[in-house]
Amino acid sequence: MKLSHFIESVKLCLHITRRNWTVYKKDLIANISPTVADPALILVSLGLGLGAFLTNVEGMSYMQFLAPGLTVATALFTSFFESSYGFYVRMSFENVYKAMLATPIGVKEIVFGELFWVGLKGAIMAVGVAIVLALFGMMTNPWLIPALAVVGFLVALPCGAMGLLATAWVRNINQFQTVYSFVIAPLYFLSGIFFPIPQMSTPVRIVAEFFPLIHGVRLAQSLFWERDIAQAFSYSGSILVIQSIVLCALAYTQIRKKLIN
Amino acid sequence: MIQANALEKSFGDFKAVNKIDLNIKKGECFGLLGPNGAGKSTFIGMMYGTVQRTSGQLSVFNHDPKTESRDIKKRLGVVTQENALDESLTVMENMMLYCSFIGVPKQESEARVLELLNYMNLSHKKDALIQTLSGGMKRRLVFVRALLGKPELLILDEPTTGLDPAVRHLLWGKVRELHQSGTTIVLTTHYMHEAEVLCDRLVILNHGQIVAEGSPQQMIAQHTPGYVGIFESKHRELIKNLINNRADIHFHEDASGIYLRTPTLAELTKLHSEQGMIPLQIRPANLEDVFLKLTGQELSNEA
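Rendered as structure tokens:
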């Protein structure tokens, strides 16, 4: 009885995921371009530009240093935008969920179906970007590329949940800009993507530890540089799992308040 | 089939639904009427769990929507107030998606969608993007969506608001057919004529409470029996003099003219034959008169 309910619920979640994929693939090129082009652009401009001055960062070129973080940043942006602007538009402007809630689908299936989609997108994007970067010769062992799917998924899930929380809290769509400026942008710049984590000021680093990005960066760096992989996954990997569980559960309770009166 | 006892829903201090008792039977076409904000949509939401009641009891198919909404939702179809169609998908994609939500077996989905599109005269639009459909087509498509699961209970939340008369009549025909084939229907509407045409029984809600209940004919007989004549405002003084002290004649004036409701048709024709007043219209009293009277929008008969 309980199990059959659970299986039914999972199936419905996957239908939500499939719905998003159906919509997404209609504009595949437009949807993928920024997520792949932006990291490539940063790599070239910062990596080559700044790289001329920074010739030795942690024993490597600045481009090589930058590469792993950029894959993780892609997962952050793709998941946050999808679950903030994307979800908000579907919820408040298109009323998509209102009609869905009149079918056997409940809020749980909507939220977890969306989050699974966001996780999947994060995984695919991280792998996509890693392939591009590997072609630039940024990965010591390209066979590790599939493992970046795990990193992308584990970063996108909690970051997507943060996007959903923002969706539940903002009063109009413009307020996402505040969330972006004060949460997402600082995460992007202060999570060890652009300069080594050990060189961050301690208070900043401690705060950063509570957010998913820095852990994702550690995982990606371990894979790109083939350094302490097991250690990174056991520490940062478990923290990401915990953050995912907490944030997703929180996101569910908050979105529920928006969809059920 | 649907049973409500002392059902209540508050939003803060505001009681959207205030202690309602209702019993909707299987096979019935039941109307919920009331002004904007009377509690119609709140009641509908409570039926399938998107609104959680504050107190009282509610059961639909003997399930409690608060805890067993999925069991209920498997057996009903909803024509939502907003179309809420997936604008980025085609007609077919939209409907196939909903087939999967409802659990229509994969091999049957396409045939069922095509059959219903045909039923709603939409077959030629199956590959069109939603954005390209007219308002009437979108509404018909929402009917298709609501019918995909072959529901026992069909909820129509303002199904024809904003539609042209041709589409409205088409949809009324379809609703009648579904009703005749045994589907239970719950309808909310602002169009009294629609309720009169479709409903076996209805309630009028005002400020979250039921102010009248019965068949359209019963309600008219009970609350506003007789005939209504509409006259030009220039006859005001004459009419007032004539109906002076007649408690059985109701007088109401608004921008469209003077409304007189009399127990018999003869009273109205007399005004014409004896006073030479030509009425703009004479008709039997209808549900609109009941509605205006009971929702406090008709003036008192002290003219």
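As they're listed, the protein sequences go chains A and B. Heads up: the first sequence begins at 1 in the working numbering, then just goes up one per residue. Heads up: the second sequence begins at 1001 in the working numbering, then just goes up one per residue. We put the beta carbon where it would ideally sit given N, CA and C, even for glycine. Note that the structure is a prediction, hence the values are computed from the model and not measured.
Of the residues L48(A), L187(A), T74(A), the one whose Cα lies closest to the Cα of Y62(A) is L48(A). Distance from the Cα of L259(A) is smallest, within the candidate group W117(A), G106(A), R205(A), for G106(A). E1253(B): member of the beta strand (DSSP E) spanning 1250-1254, first to last residue. By the beta-carbon neighbour count (other beta carbons within 10 angstroms, threshold 16), T17(A) is buried. Shown here, K1126(B) sits in coil according to DSSP, grouped into three states, outside any helix or strand. Secondary structure note for T1042(B): its alpha helix (DSSP H) is the uninterrupted segment 1040-1047. Below 8 Å, enough C-beta pairs join the segment 156-169 of chain A and the segment 78-92 of chain A to call them touching: three or more. In the displayed model, E1213(B) falls within a strand according to three-state DSSP. Look at I7(A): its C-beta is not under 8 Å from any C-beta on chain B. With 16 or more neighbouring CB atoms inside 10 Å of its own CB, I1239(B) falls in the buried class. Rounded to whole angstroms, the separation of the alpha carbons of L1287(B) and V1060(B) is 28 Å. Restricting attention to G1149(B), L1117(B), E1177(B), L1153(B), the CA atom closest to the CA of M1137(B) is found in L1117(B). Within a 10 Å sphere around the beta-carbon of F53(A) sit fewer than 16 other beta-carbons, which makes this residue exposed. The Cβ atoms of G113(A) and C13(A) sit closer than 8 Å to each other. Under the 8 Å Cβ criterion, the segment 1067-1078 of chain B counts as touching the segment 1142-1150 of chain B, having at least three qualifying pairs. Boundaries of the beta strand (DSSP E) harbouring A1006(B): 1002-1011, taken from the DSSP string. Here P68(A) is buried, its C-beta having at least 16 other C-beta atoms within 10 Å. DSSP places I1020(B) in the uninterrupted beta strand (DSSP E) bounded by 1014-1024. Between T1224(B) and A1285(B) the beta-carbon gap is near 4 Å, inside 8 Å, which marks them as a contact. With respect to the 8 Å criterion, I1210(B) and T1295(B) are not classified as neighbours on the basis of their beta carbons. Q1107(B): not part of any beta strand (DSSP E); member of the alpha helix (DSSP H) spanning 1106-1119, first to last residue. Around the beta-carbon of A1255(B), fewer than 16 other beta-carbon atoms lie within 10 Å, marking it exposed.
Within the segment 1095-1119 of chain B, contact with chain A at the beta-carbon level (separation under 7 Å) is assigned to L1097, Y1098, S1100, F1101, I1102, G1103. The contact set of A1255(B) on chain A, defined by CB atoms closer than 8 Å, is empty, because the minimum CB distance reaches about 35 Å. The three-state reading of DSSP puts C1099(B) in helix, counting H, G and I together. Three or more beta-carbon pairs drawn from the segment 1187-1200 of chain B and the segment 1167-1178 of chain B are found closer than 8 Å, and the two stretches are therefore classed as touching.
Counting C-beta atoms within 10 angstroms of its own C-beta, L135(A) has fewer than 16 neighbours from the protein chains shown and is therefore classed as exposed. The alpha-carbon of T1054(B) is positioned some 14 Å away from that of G1039(B). In terms of CA proximity to L1170(B), L1122(B) leads the group L1122(B), N1083(B), L1097(B).
Of the candidates H1207(B), E1274(B), N1241(B), A1247(B), H1207(B) places its Cα closest to the Cα of F1014(B). Annotation note: the segment 1048-1080 of chain B contains the following uninterrupted beta strand (DSSP E) runs of length 3 or greater, listed N- to C-terminal: 1055-1060, 1076-1079. In the displayed model, D228(A) falls within coil according to three-state DSSP, outside both helix and strand.
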